[in-house]
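Note sheet for the following structure.
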Amino acid sequence: MLGFRLREEDEIKNMNGFGKTMAFFAGAFIIVVFHMLASGINSSAQTAVIALVAFFAGVFLILSLE
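In terms of the numbering used here, the sequence shown opens at residue -14 and continues consecutively.
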């Protein structure tokens, strides 16, 4: 997806504070951007699905830092 692979769990655990902060903001950024894209779509069903997918993608990214 987008040319990068997910890091191994050990690599994530060994990340420094800066890397964890950047990953956290990346998760928040994914949520915000997809929510804005979904808001531009008139169909409420599509909006709900896209917002839900983006929300879980962002939450998964943030939780992977633990």
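All C-beta atoms, glycine included, are put in the ideal place defined by N, C-alpha and C.
Small disclaimer: the values here were computed from a predicted structure and weren't measured.
Taking 7 Å as the cut-off, the Cβ atoms of Ile35 and Gly12 do not count as close. For a cut-off of 8 Å, the C-beta gap from Ala42 to Ile15 is around 5 Å, short enough to register as a contact.
A Cβ-Cβ separation of about 3 Å places Ala39 in contact with Phe19 under the 8 Å criterion.
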